[in-house]
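With the UniProt record's numbering, the residue at position 472 of the sequence shown is 472, and numbering never jumps. Think of the CB as a built atom: it goes at the ideal place given N, C-alpha and C, for glycine as much as any other residue. The structure presented is a predicted model; accordingly, all values stated were derived computationally and were not measured. Here is the structure we will look at, set down as structure tokens.
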Amino acid sequence: MTEGWDNSADGGAQRTSAADGGGGPSLLALAWANKWLVGFCGGLAAVAAYAALSTVAPTYSARTQVLLEPATTTVIDAPAAAAAPRVTPAQAESTVIVMKSTEVLRAVAEELGLSERSEFNPALREPGLADRARSALRDAVSGLLSPAEPEEGVLRIAPGDPLAGVIRELRNATEIRVLGESAIIEVRSQSRSPALAAAISDAVAATYIEQELAKKFASGTEATTWLEERTEQLRAALLEADERVAAFRSEQLSEGAEAVSDLELRIEELTRQIARLDAELSDTLGRRDELRRLYEERNFLSLVPRFDIPSINAVYADLMAAEAELSDREARFGDLPVVEAQREVRDDVQARLESEVDSALSGLDVRVDILSQRLAASGEELRALRRDLVERQQAELRLAELEREAEASGQVYNRFLVQLKELRERSQFQIPDARIITEADVPVAPVAPQKAKLAVIAGLGASALALLLIALLRDNRPRVRDAEDLADLTGVDQVEQLPPPPGGSPLALLERVRARPESPEAQSLRWLRYRLRARKGRQAHVIFVTSARAEPGKSGLCVALAETFALGGASTVLVNIDGQAEDLAAIDSVKALRDMPFRYLDYTERTMRALNMGSTEAAGDLADRLRILKSTDVILINGPSVLRSADALEMGEMASRVLMVCTWNETPSALVQQGVSMLRGAGARVDAIAVNNVPRRWLKPAAHLPHPPQPRRALAAAQD
1 MTEGWDNSAD GGAQRTSAAD GGGGPSLLAL AWANKWLVGF CGGLAAVAAY
51 AALSTVAPTY SARTQVLLEP ATTTVIDAPA AAAAPRVTPA QAESTVIVMK
101 STEVLRAVAE ELGLSERSEF NPALREPGLA DRARSALRDA VSGLLSPAEP
151 EEGVLRIAPG DPLAGVIREL RNATEIRVLG ESAIIEVRSQ SRSPALAAAI
201 SDAVAATYIE QELAKKFASG TEATTWLEER TEQLRAALLE ADERVAAFRS
251 EQLSEGAEAV SDLELRIEEL TRQIARLDAE LSDTLGRRDE LRRLYEERNF
301 LSLVPRFDIP SINAVYADLM AAEAELSDRE ARFGDLPVVE AQREVRDDVQ
351 ARLESEVDSA LSGLDVRVDI LSQRLAASGE ELRALRRDLV ERQQAELRLA
401 ELEREAEASG QVYNRFLVQL KELRERSQFQ IPDARIITEA DVPVAPVAPQ
451 KAKLAVIAGL GASALALLLI ALLRDNRPRV RDAEDLADLT GVDQVEQLPP
501 PPGGSPLALL ERVRARPESP EAQSLRWLRY RLRARKGRQA HVIFVTSARA
551 EPGKSGLCVA LAETFALGGA STVLVNIDGQ AEDLAAIDSV KALRDMPFRY
601 LDYTERTMRA LNMGSTEAAG DLADRLRILK STDVILINGP SVLRSADALE
651 MGEMASRVLM VCTWNETPSA LVQQGVSMLR GAGARVDAIA VNNVPRRWLK
701 PAAHLPHPPQ PRRALAAAQD
């Protein structure tokens, strides 16, 4: 399949493939192959988890719902006070953090006497192994962390606090969360006592509301005093900012500075004027240069119509008339004095024309000088205006900055003034920011442990762990997948792919080929026969079929290949010397074998040991076997694995052709390469590789050679 490959042992051994095919089968295929083991592990873990959870004491859960109603409006603002304020997610999360705080939980613990209950006070119960482990881990972590690094959203409990353990257990047993995007906070508490779980939920909500209301009364006076001081400071800052704006405006007016808009209009007009002067100067320079060039060339014929100057046109008309008169007199009078007089007249007119052209050139030079001077003066004026514009823009930017600063100071002052008035009014009328809308009911059914759910999770986890261990313990070397990559890796040109047969017996592939003579399996077998055919006379042709390791489909391939050679017109015998091919060892008893067009001989070690017992019948059997082998055209040998038996190397060395068999996505590519290298090192020639169980979507064209024709005998057998 790969042209120009070096079939030597060195060339085949040194070549590697970067796309061997991505390792073994997928996890789904691996799980299906080990379904009984994975299922047993999962079921055993589920039963054990359910039995263990049955001994755990049940836990009850109760919940209380609190509605946040922040009073952010003043009582004197009737429309705003009547409107319902909106609670932001940040406010709701802040409320959750406050409810979890040590201050709230301490008050709840003292109110309900949780320090006297062993469920919440670790000092009242005998510490178990799990408790000691948690305590040791907590001490180790607290030693590594900085003392000033409290848990996020939770106030640190002071060292030596007698309620430290109670508060910690209470925090673990209490869950506080916001319900979706609403303003409702749910407090859920767990306890072994249903009544205590409901009491804890209600106590957390009520304690939070009471403490928040008390804090409002305590902080009202302090906030009012601070706002009054801050308002006075802002008033002074506002007056100072207004004074700076007024002083700067007065300074600008006294200097008589021109406005930015006027300067921009003047710059725009001057820019257009400079553009016109520049265009006029360029046009004048072009006319002057062209006039000088035509004058120097004495090309008055092009000069006169090009520039259309009246004085030059008149003199040029006189010159044309003088030239015409001169030509007429020369034609009539020859060299008479009247002709010479006319020539002098013509020369005078030509001198006048040149004088007029010189005058025109002088006028253009003067025009160029005037335009250049005006252009330079305009440029200098433009630069001066731009400098004035930059200075004026900076002044206006400074004025705008001062005005913005003054405006910002005024806005801040007004805001603080409004807040001060609102706080004075609000301090006279305080309402809580939250209220309980649903008190906790005493739960009836426990929430933990959820034995069925946890048992299912344990079963799935055990199954996943078993599958992971199977995948880790499995040989994960790259597997045979792509035919072209395998050809590049081993250096074998011919790599044939065989789809998986519908059954698992050695005759499954043969039955498939008989049922569908034009199937991919039949085409691959004909390609193998074409590749492994004999090229010399009628002498016995030995084909040795081996593999890198024990392959389950090798025996079936040998049976189907033997019939393919037999149908091709060659007497064929299939010899089995692989003792591990137990399915092929019993093939002689199969009734279908009697109708096959080839002979079968078993030369495994067990059979040969039975024949060498020395009996007369055994000697005759050996003689018959030898006669069959001598009278056969093709001897197809089903041999052992080349990496496990030295006999395989010897048989490969003596055989005419060698066929290597491997399994798609199962046989490691490195083993196939090693087997081919060993055969080549022993002097054998590996002519083809057959890959079994290739999915049909992975099948590729067999080769680039013409398809070998089927003999008439094979066609007739296929039709029958």
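To which residues of the same chain is residue 700 closer than 6 Å at the C-beta, ignoring the five residues directly before and after it?
483
Short check: CB of residue 371 to CB of residue 291, under 8 Å?
no
Presumed contact (8 Å Cβ cut-off) between residue 528 and residue 573, rounded CB distance:
About 17 Å; that fails the 8 Å criterion.
Whose C-alpha, out of 546, 561, 352, 447, is nearest the C-alpha of residue 685?
For residue 685, the closest alpha carbon among the candidates 546, 561, 352, 447 is that of 546.
Note down the Cα distance separating residue 232 from residue 410, rounded to an integer number of angstroms.
12 Å
Cutoff 6 Å; reference residue 466; Cβ partners in own chain excluding five residues on either side:
38, 41
Shortest alpha-carbon distance to residue 678 belongs to which of 325, 490, 378, 240?
490
Is it buried or exposed, residue 58, if we count other Cβ atoms within 10 angstroms and call 16 or more buried?
exposed
Check for me: the alpha helix (DSSP H) holding residue 86 runs from which residue to which?
Counting along the chain, residue 86 falls outside any alpha helix (DSSP H), and DSSP gives it neither H nor E.
Quick check on residue 604: buried or exposed, where buried means 16 or more other Cβ atoms within 10 Å of its Cβ?
buried
In the stretch 420 to 487, which residue ranges form an unbroken alpha helix (DSSP H) of at least 4 residues, counting only runs that do not cross its ends?
451 to 473
Would residue 556 be called buried (16 or more neighbouring beta carbons within 10 Å of its own) or exposed?
By the 10 Å Cβ count, residue 556 comes out buried.
Is it the case that the Cβ atoms of residue 519 and residue 512 are separated by a distance below 8 Å?
yes
Is any heavy atom in the ligand SAM found nearer than 7 Å to the beta carbon of residue 399?
The ligand SAM is absent from the structure shown, which contains no ligand whatsoever.
Coil, strand or helix - residue 21 by DSSP
Note that residue 21 has pLDDT 40, beneath the 50 cutoff, so the model's placement of it is unreliable and the number below is only indicative. Correct three-state label for residue 21: coil.
Can you give me the Cβ contacts of residue 263 inside the same chain, cut-off strictly under 7 Å, excluding the 5 residues immediately before and after it?
Taken in chain order, the residues that qualify are 385, 388, 389, 392.
8 Å CB neighbourhood of residue 1 in its chain, flanking five on each side removed
Because the pLDDT of residue 1 is 37, which lies under 50, any placement of that residue in the model is unreliable, and the question is left without a value.
Exposure label - residue 469; buried when at least 16 CB within 10 Å
Residue 469 comes out exposed.
Sequence-distant residues of the same chain with beta carbon closer than 7 Å to residue 562, five excluded per side
572, 574, 598, 636
Tell me the DSSP bridge mates of residue 63?
188
Among the residues of its own chain, which have a CB less than 7 Å from the CB of residue 440, if the five just before and after it don't count?
62, 63, 64, 198, 201, 202
For residue 695, which of 407, 665, 103 has the nearest alpha-carbon?
665
For the alpha helix (DSSP H) that residue 564 lies in, which residues bound it at each end?
554 to 567
DSSP beta-bridge partners for residue 544?
637, 658
If you reduce the DSSP assignment to three classes, tell me which class residue 700 lands in.
coil
At least three beta-carbon pairs within less than 8 Å, the stretch 353 to 370 to the stretch 305 to 324:
With a cut-off of 8 Å, the stretch 305 to 324 and the stretch 353 to 370 count as touching, because enough Cβ pairs lie within range.
Can you check whether the CB of residue 163 is closer than 8 Å to the CB of residue 109?
yes
Residue 46 and residue 458 closer than 8 Å at C-beta
yes
Beta-carbon within less than 8 Å of residue 242's beta-carbon, same chain only, minus the 5 sequence neighbours each way: which residues are those?
406
On a CA-only basis, which of 266, 297, 420 is nearest residue 226? Give me that one, please.
420
Pull up the distance between the alpha-carbon of residue 325 and that of residue 283, whole angstroms please.
Cα to Cα, the separation comes out at about 38 Å.
Do residue 570 and residue 633 have their C-beta atoms closer together than 8 Å?
The answer is yes: Cβ separation under 8 Å.
Report all residues from its chain with a CB closer than 8 Å to the CB of residue 663; omit the five preceding and five following residues, and keep chain order.
480, 551, 552, 553, 691, 692, 693
Quick one: residues in its chain with C-beta nearer than 8 Å to the C-beta of residue 151, no 5 flanking neighbours on either side, listed in chain order?
Confidence at residue 151 is low in this model, with a pLDDT of 48, below 50, so its placement is unreliable and no value can be given for it.
Within the stretch 320 to 362, note down every full beta strand (DSSP E) run reaching 3 residues or more, in order along the chain.
With a minimum length of 3 residues, no continuous beta strand (DSSP E) run stays inside the stretch 320 to 362.
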